[in-house]
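Number of protein chains: 2
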Amino acid sequence: MKVNNKVREMRQSRHITQVKMAEDLGITRQTINAIEKGKYNPSLELAFRLLAYFDVPFEQLFYVEEE
Amino acid sequence: MKVNNKVREMRQSRHITQVKMAEDLGITRQTINAIEKGKYNPSLELAFRLLAYFDVPFEQLFYVEEE
DNA sequence: TCCACATGTAAAGGTACCTTTACACTCAAG
DNA sequence: CTTGAGTGTAAAGGTACCTTTACATGTGGA
């Protein structure tokens, strides 16, 4: 079971760079990049921060890819 | 920012033991206990499994406690 | 009483998440 | 052509998540 996210789509649709987003959220650019590229999943706490940042419900940002 | 959950309430309302729940989910009882006691947050993947297990939306199982 | 059941917790080990520092590539503007 | 902005990635270090093994407590029923 793989968890996917739409962070990149959300970010780009708002014309925000990884740099600005990292600053806004108080995390590093590398972390955002890794999450967008699917290198690993965010922690539940960071997931909550992302939901608040984009102002979208959970289901709109994260979903599972069955296998 | 602290993330809380209602795993214990959900589990007990369904009359399920930690042992059975652990077996159903394929994880250890200690992990469930730790999550219920707030020792740490589940990973995003385990969070998804918990949602499916209880068949509830994200917002009904996890919430943030501001500080 | 005695025992099974449910739960709490601890230590040690492995992997995932996140950081800091650093270097690389592409592309558009000057 | 050169520079800066945006992005990709790697290595090393710390902490969080999850495991296995183990022991301990409380409660209800035979």
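In the order they appear, the protein sequences are chains P and G.
According to the UniProt record's numbering, the stretch in the first sequence is residues 1 to 67, in order.
According to the UniProt record's numbering, the stretch in the second sequence is residues 1 to 67, in order.
Using N, Cα and C, we set each Cβ at its ideal position, and we do this for glycine too.
Since residue i meets chain G, which of its residues come closer than 8 Å, beta carbon to beta carbon?
i, result
"L44(P)", "V3, N41, P42, S43, L44, A47 and F62"
"E23(P)", "In chain order: nothing, as chain G lies at least about 18 Å away."
"F58(P)", "P57, F58 and E59"
Going by beta carbon distance, what residues of the same chain come within less than 7 Å of residue i, once the five residues before and after it are set aside?
i, result
"L50(P)", "V7, P42 and L61"
"Y63(G)", "N4"
"E36(G)", "V7 and R8"
"Q12(P)", "none"
Pick from the options: whose alpha carbon is nearest that of residue i?
i, options, result
"F54(P)", "Q30(P), K37(P), L25(P) and L44(P)", "L25(P)"
"V19(P)", "R29(P), Q12(P) and R11(P)", "R29(P)"
Taking 8 Å as the cut-off, is the C-beta of residue i nearer than that to any heavy atom in the ligand MN?
i, result
"N41(G)", "This structure does not include the ligand MN; it has no bound ligands of any sort."
Go through its chain and collect everything with a Cβ distance to residue i's Cβ below 6 Å, but skip five positions before and after it.
i, result
"T17(G)", "none"
"K2(G)", "E65"
Just to confirm my understanding: we take residue i, look at its own chain, exclude 5 residues before and 5 after, and list those with CB closer than 8 Å. What are they?
i, result
"A22(G)", "T28, R29, T31 and I32"
"A34(P)", "Y40"
Secondary structure, alpha helix (DSSP H): runs of 4+ residues fully inside the UniProt domain "HTH cro/C1-type" (7 to 61) of chain G: 7 to 13, 18 to 25, 29 to 36, 44 to 54 and 58 to 61
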